[in-house]
Amino acid sequence: MTVRRIIVEPRGLASLRLTLTVPLLSVLAALIIGGIFLWITGDNPLTVYGHMVDAAFGSSRGVSETLISATPLILTGLAAAIAFKMLVWNIGAEGQFLLGAIVAAGIAIAMGDGVPAVLAIPVVIMAGAIGGALWAAVSAVPRVYLGTNEIITTLMLNFIALNLMNYLIFGSNSPWRDPLVSTFPTGRPIPDGASLPRFFNRLDVGIFIAIAVAIFAWYLVNRTRWGFEVRVVGDSAETARYAGIQVPRKILGVFLISGAFAGLAGALFVAGPVGALDPRSLDLGLGFTGIIVAALARLNALAVIPVAILMGALNNAGPSLQSIGVPPEIVTMLQGAILIFAVGGEFFIANRLRRPELPPEVLAGEAAA
Amino acid sequence: MRTGNLRRFIALLLALAMVAAACGSDEGTETTEAGGETGGDPMKVAFVHVSPVADKGWSWAHDQGAQYLAANMDVDITTLEAIPEGSDSQRVFEDLAAAGNELIFGTSFGYMEPMLAAAANFPDVTFMHATGFMSSDNMGNYFGAAEEGRYLTGIAAGAATQTNLIGYVAAFPIPEVLRGINAFTLGVQEVNPDAEVQVVWTSTWFDPPLESTAAQSLLDANADVIAMHQDSAAPGQAAEAAGAKWVGYNTDMTEFAETAWLTAPVWDWGPFYLTTAQQVADGSWQSEAYYGNMADGMVDIAPFGPSVSDETRATIEERKAQIIDGSFSVFPDPIVDQDGTSRELGDIFGMDYFVEGVIGSPTG
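As they're listed, the protein sequences go chains Z and V. Residues in the first sequence are numbered consecutively from 821, following this note's numbering. Residues in the second sequence are numbered consecutively from 1408, following this note's numbering.
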């Protein structure tokens, strides 16, 4: 019998139907594989999946918690999406997130209680975005003018940002640290005036800001001249240069906006659910998760919103699965399986598998055999 | 034709998923209802731990307490492990309260404020927080005088050292840890006034490779006994490999380093958990800050390793009896600090200095 090879080839432009069904199928495949594991370890997969849906969306508190977890992920997802779109590999959203949190908390504490909320909140939010953008600039400027590798610099700056936060709280008596608590170092609470107002359980207005920023980012990339030029640079820097686009300035701009999105996420997180520069509440890898969100959303700013909500749901469902007796290791494995399959599905959108057409006589010969 | 099949397959899977979701939510509601009816059903109690309970350290000790509770009372226990501290944990506590748990224990310091917020939203549920200082009408806190065990294990270390240098791998420079180091050092110097205790900070409760590196740095500095305020057995394994001795923490960790093992301050949370659950069940529970000790059994020391001499064992047992009957207290007042100056003991819960004989900085 002849062995028929399978050829992998890049697909030109994937159809809309394909871009929608493949991720769906990937998630279903992950649920089936995960289900087999659950069944082997003695849990009923249907009960477990039902419980996940119920925990994330089954009650008003569940929904609000899911949206709380989604808010920073929308913004860190956007940070990665807009940068990757132009082949700027900013994997420093984690550090830019923390710097945004540090600057936002610092400004909020410095302003104190006297400033009215209408002024304090916008200032704190802008401060976070600027903090994130400046931290991104530390990588962006050498990238643009000296050609340094931004993957390495952004990655390393993540650790510096984390240690800076730890120093401010654990290693020093900085203004960020709460002087009233001697038992264990914690962040000084953000004044009420600078805290984001809550409107639905613990959910605060940060979710609206995140969604508005996503719409803005989509408009910026897809409907403005600036965005068009960014996309041209992403497709081919050579072409962009021939077309008279100032590539270095575009790269710098995208890098800073990317950092600003991540910094904004940090600001909304400290002024919202956390309420202080608390390392234990902030060191959750939200910047890194943003990269996964961006990849699953195919770098589309609007798609980032539902993907971030799903990631938030997946995150929140974890502990509640333990309460029905699923071991934490299996929960982590299940979450990982869903992500791997979803990202793996990307491959089939970007590429097609094809069996080469064989001449009729070979086919006839095979049929005879 | 093929696409038709594919579409049908997807539709089937989707339907299946929806059925699953429906079944699941039905069951979820049932559980909540069952939790609401108290008649005859066992009381639902939940435990939330920061590390996996298999760590054989802090969380494991609490889980042993939970098992003691389960063995002595008709309760339905839910255990959540590896739940990060910080604001995100409020959701976890509220989920447990919404699922019908009547008593919820959080066993790590960083759960304090999130638990306080959750307690305000669920006033009918009793919350108990270990190691913190905040409380409310339906949230109490509890901890124990580990310094009593630390002092006794210091005696074992002081008797064991030949180089007169004892290494101490410590997590964070906070009063709880400083208190332990000071009590330990006083114990060391009771039997060996020449010995000193050198401290290395790790900035983590649980990170086995880092704990091991920290222990190694102390061994390299000529320490021949390693003590620790950490949750893993890694410092002990480093000590065993170097032929040094080891004072553990939290639980009897003999199995990890049999020759190095001296003893350890250990916790017994079981009886306290049982009493608390009984009080909640019969309605007599009241919010308080409970500080257990050696006399009530919350604090103890682990069985001795083979190298601890009979003489040392006798000294320790004698001191232990005095601590239990109240005739000996670990910290003298006034107390001599690291610089050799005599000072008032003050509030031990805010202790921010080292006693004489400790090498290192009490601010990290």
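Every residue, glycine too, gets a C-beta built ideally from N, C-alpha and C.
Which one or two residues does DSSP pair with H871/Z in a beta bridge? The partner list for H871/Z (beta bridge, DSSP) is empty, contrary to what the question assumes.
In chain order, what residues of the same chain have a beta carbon less than 6 Å from the beta carbon of I1111/Z, not counting five sequence neighbours either side? A900
Buried versus exposed call for G1435/V [16 or more other C-beta atoms within 10 Å across all chains shown]: Unreliable placement is indicated for G1435/V, whose pLDDT of 36 sits below 50; the coordinate value is still reported in the next sentence. It is buried - the Cβ of G1435/V has at least 16 other Cβ atoms within 10 Å.
For G1165/Z, collect the residues of the same chain with a Cβ closer than 6 Å to its Cβ; drop the 5 residues on either side in sequence, then sort them by chain order. V842, P843, S846
Residues that I1581/V contacts on chain Z, provided the C-beta gap is smaller than 9 Å: S1002, T1003, F1004, P1005
Check whether the Cβ atoms of A1634/V and A1564/V lie closer than 8 Å to each other. yes
Using the beta-carbon of each residue, which ones in chain V are nearer than 9 Å to R831/Z? Here the premise fails: no neighbours, minimum Cβ distance about 17 Å.
Indicate whether the contact test is met: 3 or more Cβ pairs, each with one atom in the segment 1458-1470 of chain V and one in the segment 1649-1664 of chain V, closer than 8 Å. yes
Taking the alpha carbon of S1458/V as the point to measure from, which residue in D1614/V, E1665/V, D1754/V has its own alpha carbon closest? D1614/V
Please confirm whether D1098/Z has its beta-carbon closer than 8 Å to some beta-carbon of chain V. yes
Just curious, the beta strand (DSSP E) that L1572/V is in, first and last residue? 1572-1577
Cross-strand partners of Q1605/V (DSSP beta bridge): G1574/V, I1766/V
Excluding the 5 residues preceding and the 5 following S1542/V in the sequence, name in chain order all residues of the same chain whose CB lies nearer than 7 Å to its CB. N1548, S1694, A1696
Please identify, using Cβ separations under 7 Å, the residues of the segment 880-896 of chain Z that lie next to chain V, in order along the chain. R881, E885
Alpha-carbon to alpha-carbon, F1161/Z and P1537/V: In the sequence as displayed, the identity of residue 1537/V is Ala instead of Pro. When rounded, the distance between both Cα atoms is 40 Å.
Inter-residue spacing [alpha-carbon to alpha-carbon] between H1469/V and E1583/V: 18 Å
Within the chosen definition, does the segment 913-932 of chain Z reach the segment 1042-1052 of chain Z through at least 3 CB pairs nearer than 8 Å? no
Which whole runs of the beta strand (DSSP E) in the segment 1485-1554 of chain V are 3 residues long or more, in chain order? 1510-1513, 1533-1537, 1546-1551
Of all Cβ atoms in chain Z, is any one closer than 8 Å to the Cβ of H1536/V? no
Taking a cut of 8 Å between CB atoms, which residues from the segment 1138-1160 of chain Z lie near chain V? P1139, S1140, Q1142, S1143, P1148
Does any residue of chain Z have a CB that is nearer than 8 Å to the CB of A1428/V? Note that A1428/V scores a pLDDT of 43, beneath 50, so its modelled location is shaky and nothing firm can be said.
Please confirm whether A1506/V and S1143/Z have their CB atoms less than 8 Å apart. yes
What does the alpha-carbon distance come out to for the pair T1485/V and V1706/V? 25 Å
What is the rounded straight-line gap between the Cα of Q1474/V and the Cα of V1576/V? 30 Å
Hey, does P1459/V have any beta-carbon neighbour from chain Z nearer than 8 Å? yes
Taking DSSP's pairing of strands, which residues face W1653/V in a bridge? I1633/V, W1668/V
CB of A1646/V within 8 Å of CB of L1617/V, strictly: no
Between N1190/Z and chain V, is any beta-carbon pair separated by less than 8 Å? The question about residue 1190/Z has no answer here: the residues shown for chain Z are numbered 821 through 1189.
CB contact below 8 Å: L1523/V versus chain Z: no
Segment limits, beta strand (DSSP E) that includes L1173/Z: 1171-1174
Using a cut-off of 8 Å between C-beta atoms, extract the partners of S1610/V located in chain Z. N986, F990
Bridge-paired residues (DSSP) for R997/Z: G1007/Z
Measure the Cβ-Cβ separation of G920/Z and A1085/Z and say whether it is below 8 Å. yes
Near F1081/Z, which residues of its chain fall below 6 Å by C-beta distance, leaving aside the five closest residues on each side in sequence? L895, L898, A899
So which residues of chain Z does E1509/V contact, with C-beta pairs closer than 7 Å? Those do not exist, as E1509/V stays about 14 Å from chain Z at its closest Cβ, beyond 7 Å.
Does the beta carbon of R1498/V sit closer than 8 Å to a beta carbon anywhere in chain Z? yes
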